[in-house]
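Below: one structure, written as structure tokens.
Chains as they are written, first to last, in the numbering used here: chain H, 15 to 230; chain B, 15 to 230.
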């Protein structure tokens, strides 16, 4: 076990903020980018189905084109690595079968032994497709991933700026995603804050525990 | 800075799993529950608007009633504390004004100096209301919160089971939420795994980095 104290956890959760100005000269090391990628891969999801794809962009010429499709926000260009989180399009029972194969291999069991789970998860997905909410469900899972990514980054001392307001279709095109296969739903710029970012030292504005939290 | 090594972070992310069987005799200490509550309060959200409420249930008589409204899953009863994550209903520009007051107080500035931000966030919320997607947006924020909560718990050595499949309306009623004000969207059981939970030692089933992650 490599647990940490509650004081250390809260210190890092308070240290993080949505960076407005990155120091474009500071790059995340390969070791830490690898760890953040692993953290994305390890994100929990509904039924374990992982209805997503993550694209990590360090290429400067690609990053330079991003502010124009992000309402001119400079973070995707000035950060070290821009992460785009995409849902898998046309999610269906065949994706459930693909996951069952992955699960059987991980657990070293036959796929037949997982038939109950296949039917359960498959029924859920089929219902989501027929009732039209499957992409809402996939999008929810991607938000778990950005939550896990932001905490992971903070614990490694890496700054981040979550970005919902980006022009997702234009990102699909820039990244060469086949929009029948994947669709970007949000982004997260990663890197190191600029010394001049005045937002770094502003107090956080959070509602009090007593107003948004109830203990029963 | 209270950062940790990438090895320690990944060790805890691999240690966590969706607990099937909690040890009902083991309770989370007050210090650690306080830290998890603080972690929920600190969750980042779109525009900082925090469109949510969190209910932490340790009361045994309430928890005893939960399996019946959770498709008979035992985790809400056997865990130490059951967290319910709710969206704020009828979110509107008045909620933006409430947040602007909170922001002005935190930063010790006048609310007038935040008028630009009020208009920007207010316009976004008004659009979400008129176009009918505001509750999708609120729900997305709640998924960030469960992501942050699950990583925080893992780092403190606390087990968790995220629960999407609960009967949300019945939870609203059990918790005494006014459904015009708040609506439960998901749950997260927190506590300690039972020694007999065979899922604890099963290998994780995750797609390979190369199949769900692209580096550009």
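For every residue, glycine included, the Cβ atom is placed at its ideal position computed from N, Cα and C.
Everything numeric in this text was worked out from a predicted model, so none of it was measured.
- In this structure residue 133/B is exposed. Its beta-carbon is surrounded by fewer than 16 other beta-carbon atoms within 10 angstroms.
- Straight across, the Cα-Cα distance linking residue 166/H with residue 184/B is about 34 Å.
- With contacts defined by Cβ atoms closer than 8 Å, residue 139/H and residue 110/H form a contacting pair.
- By the neighbour-count criterion, in which 16 or more other beta carbons inside 10 Å mark a residue as buried, residue 213/B falls on the exposed side.
- If you check the CB distance, residue 36/H and residue 171/H do not come in under 8 Å.
- A Cβ-Cβ separation of about 5 Å places residue 202/H in contact with residue 97/H under the 8 Å criterion.
- Listed as beta-bridge partners of residue 168/B by DSSP are no residues whatsoever.
- Here the alpha carbons of residue 88/B and residue 131/B stand approximately 45 Å from one another.
- In the structure shown, residue 201/H falls within a strand segment according to DSSP collapsed to helix, strand and coil.
- The beta strand (DSSP E) runs of length 3 or more contained entirely in the segment 65-144 of chain B are, from start to end of the chain, 66-71, 95-102.
- Of the residues assessed, residue 215/H falls on the exposed side of the cut-off, its CB having fewer than 16 other CB atoms within 10 angstroms.
- Residue 200/B and residue 116/H have their C-alpha atoms roughly 27 Å apart.
- In terms of beta-carbon proximity, residue 154/H lines the interface with chain B, with at least one pair separated by less than 8 Å.
- It is roughly 36 Å from the alpha-carbon of residue 105/B to the alpha-carbon of residue 26/B.
- At a cut-off of 8 Å between beta-carbon atoms, residue 81/B makes no contact with chain H.
- What residue 17/H touches in chain B, judged by beta-carbon distance under 8 Å, is 26, 169, 170, 171, going in chain order.
- Between the alpha carbons of residue 55/B and residue 221/H lies a distance of about 7 Å.
- For the pair residue 150/B and residue 150/H, the CB atoms are nearer than the 8 Å cut-off.
- Under the DSSP assignment, residue 51/H falls outside any beta strand (DSSP E), being part of the alpha helix (DSSP H) whose first and last residues are 44-55.
- Note that the C-beta distance between residue 121/B and residue 197/B is not below 8 Å.
- For residue 224/H, not one C-beta of chain B is nearer than 8 Å to its own C-beta.
- Chain-order list of chain B residues neighbouring residue 180/H: empty, with the shortest C-beta distance near 13 Å, by a criterion of under 7 Å.
- Around the beta-carbon of residue 57/B, 16 or more other beta-carbon atoms lie within 10 Å, marking it buried.
- Of all residues in the segment 59-77 of chain H, only 60, 62, 64, 66, 67, 68, 69, 70, 71, 72, 73, 76 place a beta-carbon less than 8 Å from a beta-carbon of chain B.
- Residue 176/B has a beta carbon lying within less than 8 Å of a beta carbon in chain H.
- In terms of beta-carbon proximity, residue 93/H stays away from the interface with chain B, with every pair separated by 8 Å or more.
- For residue 228/B, the enclosing beta strand (DSSP E) begins and ends at 227-229.
- Straight across, the Cα-Cα distance linking residue 66/B with residue 210/B is about 35 Å.
- With contacts defined as CB atoms closer than 8 Å, residue 33/H and residue 207/H qualify as a contacting pair.
- At a C-beta separation below 9 Å, residue 158/B has these neighbours in chain H: 157, 158, 160, 161, 164, 176.
- With a 10 Å radius around the Cβ and a threshold of 16 neighbouring Cβ atoms, residue 173/B comes out buried.
- Contact check for residue 68/B against residue 226/H passes: the beta carbons are separated by less than 8 Å.
- According to DSSP, residue pairing for residue 196/H in a beta bridge involves 102/H.
- Residues of the segment 195-206 of chain B with a Cβ closer than 7 Å to any Cβ of chain H: none.
- Excluding its 5 nearest sequence neighbours in each direction, residue 218/H has C-beta neighbours in its own chain below 8 Å: 28, 31, listed in chain order.
- Nearest Cα to residue 223/B within the set 64/H, 164/H, 118/H, 180/H: 64/H.
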